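Going by the UniProt record's numbering, 17 is the number at position 17 of the sequence shown; the sequence numbering is gapless.
Positions of the beta carbon are idealized from the N, C-alpha and C atoms, including for glycine.
Note that the structure is predicted; figures quoted are calculated from it, not measured.
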Amino acid sequence: MSEAKSLVAEPPAAPDTMKRRAGRRPATSPDKATSATLVHDKLRQDILKGIVVPGQKLAIDAVAAMYGVGTNPVREALNRLSSERLVDRQDQRGFFVPEISLDSWRELVKTRCWLESTALTESIHNRDDRWEETIVVAFHRLSKCSPTGDAQDRAGWEIHHRAFHVALIANCGSQWLMDFCEILMDHAQRYILISAVSANRSAIEEHRVIMEVVLQGDIARAVATLVEHYQRTLYHIEEQIRVLAGSVTPHAT
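See the structure below:
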């Protein structure tokens, strides 16, 4: 189990979109609610960042000790994370971090392409100056970072990379669709973090092309360019998963 000090100096957590649809929970004391939310948010970030590794058992007592809280808030947090599919709950065995798998990764990317294609299409239909400016600003901030730099640079890349992809679909007019897209972004992050960026792949240039095509307003071309970007990521991480499994020797992509 990771040490508690791993929680220090984490970048700001992404918005918890699932909580917006969680509805009312049974009445509980403010202290318990605060502790459960604290554990939920910290453990969620540790799972997304790979600090708590795939397949690791999340024993309630161990998690409570890790975050310095009681077992009841931990149990509530684990149940919430299970509903978000960021924790697996197995009968008679307890809670585990979901494993990394090729089938899960392929299904995730396929579904993400479906949803974000629709969201991008609607965003372009609803295009206005403010939305276009948001995309330009998001790309400018992203271009100042590098996915292959030091830890601080990579942390900045993660934040601004997500912000860019959210900006592309933010004008779709459906909060439900946005929420589902962001949930898939969260799950994709677990896979992206296991992968080293290929030296032959220009991440900044790929995103510049996406921005330019989207701003031109050609829906078919914009959707095709975004899907192609995700397909390249799919193939690259597929290879990384096989490397981790020891089934192939890595090569340039």
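Please look up how many angstroms separate the CB atoms of residue i and residue j, rounded, as I've assumed it's under 8 Å.
i, j, result
"L86", "L58", "11 Å between Cβ atoms; not a contact."
"A170", "W131", "7 Å"
"C172", "G156", "C172 to G156, Cβ: 26 Å. No contact."
"I124", "A222", "6 Å"
"F180", "A138", "Contact flag wrong, Cβ pair sits at about 20 Å."
"I241", "L48", "No, I241 and L48 are not in contact; Cβ-Cβ is about 17 Å, not under 8 Å."
Which residue from the options puts its Cα closest to that of residue i?
i, options, result
"A224", "E239, I159 and E206", "E206"
"G50", "E76, R80, H236 and Q189", "Q189"
"L184", "E116, D88 and D129", "E116"
"G230", "K42, I192 and S143", "Checking the sequence shown, residue 230 turns out to be Tyr, not Gly. Closest by alpha carbon: I192."
"L120", "G68, D41, S174 and E133", "S174"
"T111", "E182, I210 and I159", "E182"
By the three-class DSSP mapping on this structure, what secondary structure does residue i have?
i, result
"K42", "helix"
"S29", "Confidence in S29 is poor, its pLDDT being 48 and thus under 50, which makes the residue's placement too unreliable to answer from."
Under 7 Å from any heavy atom of the ligand ADP, does the C-beta of residue i make it?
i, result
"T37", "Questions concerning the ligand ADP fall outside what the structure shown contains, since it holds no ligand whatsoever."
message: Could you tell me which whole beta strand (DSSP E) segments of length 3 or greater appear in the region 69-147?
response: 88-90 and 94-96
- prompt: So does the region 211-218 actually touch the region 67-75, counting three or more Cβ pairs closer than 8 Å?
  reply: no
Ranges of the alpha helix (DSSP H) found wholly within the region 185-245, counting only runs of at least 4: 203-216 and 219-245
Stretch-stretch touch, CB-based, cutoff 8 Å, three pairs: the region 97-113 with the region 38-58: yes
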